[in-house]
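Working notes for the structure below.
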Amino acid sequence: MKRTQPAPLSVWRPIYLDDFLLGVPHYPEHVDESYWQRDAERMKEAGFNAVRMGEFAWHIWEPFEGKFDFDLFDRAIEVLGKAGIKTILCTPTATPPRWLTMNYPEVLRVDRNGRRASHGSRQHCDTTSPVLRQHSRRITTAMAEHYKDNPHVIGWQTDNELNTTVSESFSDSAALAFRNYLRHRYQTIDDLNFAWGGHFWATAYDNFDQVVLPFPMAPSFSSPGHVQDYHRFLAWATAAFQRDQVEILRATNPDWFIFHNLGNLQDIDFRAEFGQDLDFIGFDIYPMLYDEFRRTNGHAATQALQLDLCRSYSGNFLVPEQASGLGSQPSFTTMNPEPGEMRRMALSSVARGADGLMFFRWRPAHFGAEIYWMGIIDHDDVPRRRYQEAKQFASDIHKIKDRLLGTSVHMDVGIAGADFDNQEAHKTYPIGLPSPQDDGTLLHAHCYRRGIACGFVHPEDDLSRLKVFYVPHWVMWKPEWTPKLEAFVEAGGTLIVGAMTGTRDINNHIIREQAPGGALAKLCGVKVVEFGRLTAKNGDGLFQRMTPQAGLYDNPNRPPPSSAERIYALDFAGRRLEVEHLYEQIETEPDVEILARWSNRFLQGEPAVTRRKVGKGEVIYVATYLTPDLVEALEEQVLSPRGVSPLLDDLPAGIEVTLRSSEDQKLLFVLNTLETPTMVRGLPSGFDLLSGRAVSREEELEAYGCLIISLD
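The numbering of the sequence shown is our numbering, which starts it at 163 and goes up by one.
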């Protein structure tokens with residue numbers, strides 16, 4: 163695969179390789195060498211072209227300090243290479259070996275209770291440690307130099323799922339690095355004291371050497387500015403740790419592509435150095451990992467949400483780990499994909515932006531903490547239905563890749579996302595409210611069910627391709643974003659702004675004017691007079707699970723609201739809608755139209771949803787948080803009149819539809835996420851690339867069946 167120079171990060175950006183990366187993570191160190199040749203032959207037969215390896219093998223690459231041994235992987239890479247399978251190597255820094263943690267115990271991570279981590283797992287070391295960074299550079303340099311001329315090694319993954327197990331550290335090295343970070347950020351201690359509100363609770367410092375880490379509940383709450391900067395620091399430190407490796411790899415062989423595979427997205431700022439340093443980003447996709455959203459909306463909706471969030475950070479991506487079977491560690495177990503479902507999940511990843519995909523894993527381990535994490539080959543080395551599905555998926559990709567590569571995912575509706583500061587600002591002081599992502603998820607889930615092309619987009623991205631852009635409550639608003647929104651609306655776009663947007667500044671201070679602040683208030687034509695908390699419907703659900711900091715009033719064990727609790731409602735186009743979480747009392751400018759009014763209690767008759775015409779477009783302000791009913795009303799009254807419609811009319815339940823396009827290609831993915839056959843009507847004329855036939859207006863999709871329709 164040839165690497166080309168990527169464009170700047172953008173939600174619309176394909177990854178820049180000349181072939182679709184297709185294969186598996188592979189662990190030749192887990193089996194006897196007698197398996198290797200048969201593995202390579204089976205991979206070739208399946209249609210794979212790449213493997214990923216080496217991420218947990220530092221103890222093999224360097225069994226003693228300064229003693230490197232590449233023999234095992236040299237031989238494994240050669241066997242694969244002769245079968246036409248290229249290798250992506252990984253820097254093995256997620257699992258430093260025992261000799262390192264024993265000789266240099268200061269590299270071990272320290273948790274929020276002051277306990278030092280023990281050897282015996284992974285991500286047990288502190289990426290802020292200068293000693294760990296020194297050894298990380300050393301092993302990366304040795305591996306890069308050894309493989310710089312190996313024709314079978316085509317690229318690199320840095321580390322493995324950085325910050326997935328844990329992102330925080332309260333070690334001495336973290337404290338020292340945090341102080342140095344703050345010196346560079348603020349220059350003077352007076353500026354830091356202002357940013358953190360040092361006059362509150364006498365938390366001011368005399369110099370940077372006095373600054374402490376924000377230990378949770380120590381014994382009460384730290385300043386939101388203090389906590390925000392700690393997480394900014396963790397994101398910066400993670401990027402710096404990765405950059406050490408990237409610089410070495412780039413200098414050794416500039417033809418290698420470099421990416422990272424993300425699991426959880428904790429304390430990583432993709433739009434800053436972390437993402438800019440990479441050719442593209444990889445995201446590990448496990449739709450059946452248990453969570454409340456999956457339980458409520460299903461595996462397919464969970465996967466669609468995860469994929470669309472991933473794409474918002476950098477554009478198209480690689481899936482270095484795609485679920486292939488039951489996944490398990492001692493504390494949890496996922497469900498097992500049914501026959502046909504593994505292939506469907508993989509095609510969903512492609513439909514939503516994957517330009518490469520690797521099924522996790524080639525075979526399951528017989529030992530260790532993932533003995534029941536199944537792979538393509540079973541424990542007894544027999545290929546069964548998962549292997550056949552992987553082979554079928556590879557055949558699918560070979561049929562479509564020439565048309566697929568270079569396309570990006572079409573979106574009519576964009577939801578503001580991928581902003582590190584706003585994610586963290588909410589966590590520092592949530593007051594029991596849904597996060598911006600939680601709120602936006604309601605709109606995304608509605609669009610998913612309806613078949614409306616929707617995704618997450620940052621305000622700095624190209625908004626001109628959208629018809630509607632929704633900003634959930636981004637409390638931290640940068641003035642430079644507003645002109646981009648103005649241009650979007652002037653050109654004919656519809657902007658929807660949610661409650662609480664633009665209420666804090668970059669230091670996490672409340673703004674000293676009526677919200678929303680500055681030019682955003684003028685654009686919306688509203689100002690907030692008052693706001694207050696409301697009861698969440700049923701008193702539990704997604705938001706409590708996803709905002710553990712919310713505290714007393716968002717307890718998952720809280721009973722449903724009683725009649726004595728305050729229920730607020732609004733009248734929207736003749737419909738009475740109960741609202742949740744928050745109300746805002748707003749005043750409007752003379753040119754603002756009232757779309758919905760509060761219908762009860764002291765707000766009765768006052769504006770709740772407004773519209774202001776700007777140029778060819780409009781700005782909608784919503785003075786509360788989304789609910790499913792409110793989203794439905796917004797589609798009827800706002801989205802549909804602006805030309806937003808489903809990709810397929812009358813979409814049956816369980817059918818997922820997505821469009822990938824470029825200047826000369828349009829590929830419509832129609833996927834059955836159900837275990838039963840489903841009739842799909844109103845299909846456009848076109849050619850199904852998988853079956854090689856023209857598509858009828860009506861098609862019955864088999865259980866987990868798939869169509870990829872070329873519309874050109």
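All residues carry an ideal CB built from backbone N, CA and C; glycine is no exception.
- Secondary structure remark: continuous beta strand (DSSP E) runs of at least 3 residues inside the stretch 588-670, in chain order: 616-619, 630-633, 656-660.
- With contacts defined as CB atoms closer than 8 angstroms, residue 404 and residue 436 qualify as a contacting pair.
- About 17 angstroms separates the beta carbons of residue 305 and residue 242, which is beyond the 8 angstroms limit, so they are not a contact pair.
- In the displayed model, residue 807 falls within coil according to three-state DSSP, outside both helix and strand.
- Counted as a single uninterrupted DSSP element, the stretch harbouring residue 293 is not any beta strand (DSSP E) but the alpha helix (DSSP H) occupying residues 292-309.
- With a contact defined as Cβ atoms closer than 8 angstroms, residue 846 and residue 862 miss out at about 17 angstroms.
- Inter-segment contact for the stretch 801-812 and the stretch 546-557 is absent: fewer than three beta-carbon pairs are separated by less than 8 angstroms.
- Annotation for residue 560: 209 place their beta carbon closer than 7 angstroms to its own, counting only its chain and skipping 5 residues before and after.
- Separation of the CB atoms of residue 824 and residue 568 is rounded to 5 angstroms, and the pair is thereby assigned contact status at 8 angstroms.
- Note that the C-beta distance between residue 563 and residue 182 is below 8 angstroms.
- Residue 529 is positioned such that its CB atom lies no closer than 8 angstroms to that of residue 483.
- With a cutoff of 8 angstroms on beta-carbon distance, residue 518 and residue 184 are scored as near each other.
- In this structure, residue 788 and residue 605 form a Cβ contact; the two beta carbons are roughly 6 angstroms apart against a cut-off of 8 angstroms.
- Of 188, 249, 763, the smallest CA-CA separation from residue 318 is found for 249.
- For residue 239, the secondary structure class from DSSP, reduced to helix, strand or coil, is helix.
- A distance below 8 angstroms separates the beta carbons of residue 754 and residue 688.
- Counting only residues of its own chain and dropping the five nearest sequence neighbours on each side, residue 843 has a CB closer than 6 angstroms to the CB of 860.
- The alpha-carbon separation between residue 337 and residue 322 amounts to approximately 24 angstroms.
- Listed in chain order, the beta strand (DSSP E) elements of length 3 or more contained wholly in the stretch 307-365 are 315-319.
- The stretch 331-347 makes contact with the stretch 283-296: 3 or more CB pairs, one atom from each, lie closer than 8 angstroms.
- In chain order, 689 place their CB closer than 6 angstroms to the CB of residue 683, counting only its own chain and leaving out the 5 sequence neighbours on each side.
- Scanning the stretch 767-798 for uninterrupted beta strand (DSSP E) segments of 3 residues or longer gives 769-776, 779-784, listed from N- to C-terminal end.
- Around the beta carbon of residue 478, 16 or more other beta carbons sit within 10 angstroms, so the residue counts as buried.
- Comparing C-alpha distances from residue 653 to each of 775, 612, 762 shows the shortest one belongs to 775.
- The shortest CA-to-CA distance from residue 763 to any of 815, 784, 298, 696 is the one to 696.
- Residue 865 carries a coil assignment under DSSP once its states are collapsed to helix, strand and coil.
- Rounded to whole angstroms, residue 600 and residue 665 show a C-alpha spacing of 18 angstroms.
- Within the stretch 487-574, complete beta strand (DSSP E) segments of at least 3 residues are found at 516-522, given in chain order.
- In the three-state scheme derived from DSSP, where H, G and I count as helix and E and B as strand, residue 196 is classed as helix.
- Sequence-distant partners of residue 557 (beyond 5 residues in either direction) whose C-beta falls short of 7 angstroms from its own C-beta, in its chain, are 209.
- Residue 275 and residue 473 have their C-alpha atoms roughly 35 angstroms apart.
- Non-local beta-carbon contacts of residue 751 in its own chain, meaning distances under 6 angstroms to residues more than five positions away in sequence, involve 687 in chain order.
- Nearest to residue 281 by alpha-carbon distance, out of 261, 296, 509, 299, is 261.
- Less than 8 angstroms divides the Cβ of residue 258 from the Cβ of residue 269.
- Using a C-beta cut-off of 8 angstroms, the stretch 457-471 makes no contact with the stretch 358-369, since fewer than three inter-stretch Cβ pairs fall below that distance.
- For residue 821, the uninterrupted beta strand (DSSP E) run begins and ends at 817-823, by DSSP.
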